[in-house]
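In what follows, a structure is listed as structure tokens, so that the remarks can point back to it.
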Amino acid sequence: MAEPILEITNPEGIYDPRPHGYSHLASVPADRQLVFVAGQGGSRTDGILSDDFRTQVVIVFENIALALKSRNLTMANIAKLTTLVVDYDDAKHEILIEESNKIWPDQKFPVNTLIPVQRLALNGMLIEIDATAVG
Numbered sequence: 006m007a008e009p010i011l012e013i014t015n016p017e018g019i020y021d022p023r024p025h026g027y028s029h030l031a032s033v034p035a036d037r038q039l040v041f042v043a044g045q046g047g048s049r050t051d052g053i054l055s056d057d058f059r060t061q062v063v064i065v066f067e068n069i070a071l072a073l074k075s076r077n078l079t080m081a082n083i084a085k086l087t088t089l090v091v092d093y094d095d096a097k098h099e100i101l102i103e104e105s106n107k108i109w110p111d112q113k114f115p116v117n118t119l120i121p122v123q124r125l126a127l128n129g130m131l132i133e134i135d136a137t138a139v140g
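Quick note on the numbering used here: the sequence shown kicks off at 6 and runs consecutively.
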């Protein structure tokens, strides 16, 4: 049987992170290609940033999906995310969880580090996410 390209697990003895939209471990065989997606913001090619956090989250994930598609990969290939959120609070966390559940309904969430920040590269940018995927 072929080794999976990506194994997502949550070991016993550590709390279950799935209600928060992430997993604890992503294991990748050594013979696989890693694909790194730079931090994506919440604007499309027009560069317009919505004032709405959820809208920016949806666009960030769309941008990541487009980048991965260029390498014939999908969101299921993501092993690791780093999420930067301006003025992070519980409401923004809930939006991230809801949108993550839409993308990963099987709850095989990538490993994710969420970092609250004061600001990002562009005025009005509320979120930025980078991704490491496995091909």
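A virtual CB, placed ideally from N, CA and C, is assigned to each residue, including glycine.
- CA-CA distance, V90 to Q45, rounds to 12 Å.
- In this structure, V40 sits away from G129, with a CB-CB distance that is not shorter than 8 Å.
- Within 10 angstroms of the beta-carbon of S105 lie 16 or more other beta-carbons, which makes it buried.
- From the listed residues H98, K85, A70, S48, the smallest Cα separation to L127 is found for S48.
- Distance from the Cα of Q123 is smallest, within the candidate group N117, P115, I132, for I132.
- Shown here for A81: not one same chain residue has a beta carbon closer than 7 Å to its own, the five before and five after excluded.
- Restricting attention to I120, V62, P110, the CA atom closest to the CA of R23 is found in P110.
- When DSSP assignments are scanned along the stretch 76-110, the uninterrupted stretches of beta strand (DSSP E) that are 3 or more residues long and fall wholly within it turn out to be 83-91.
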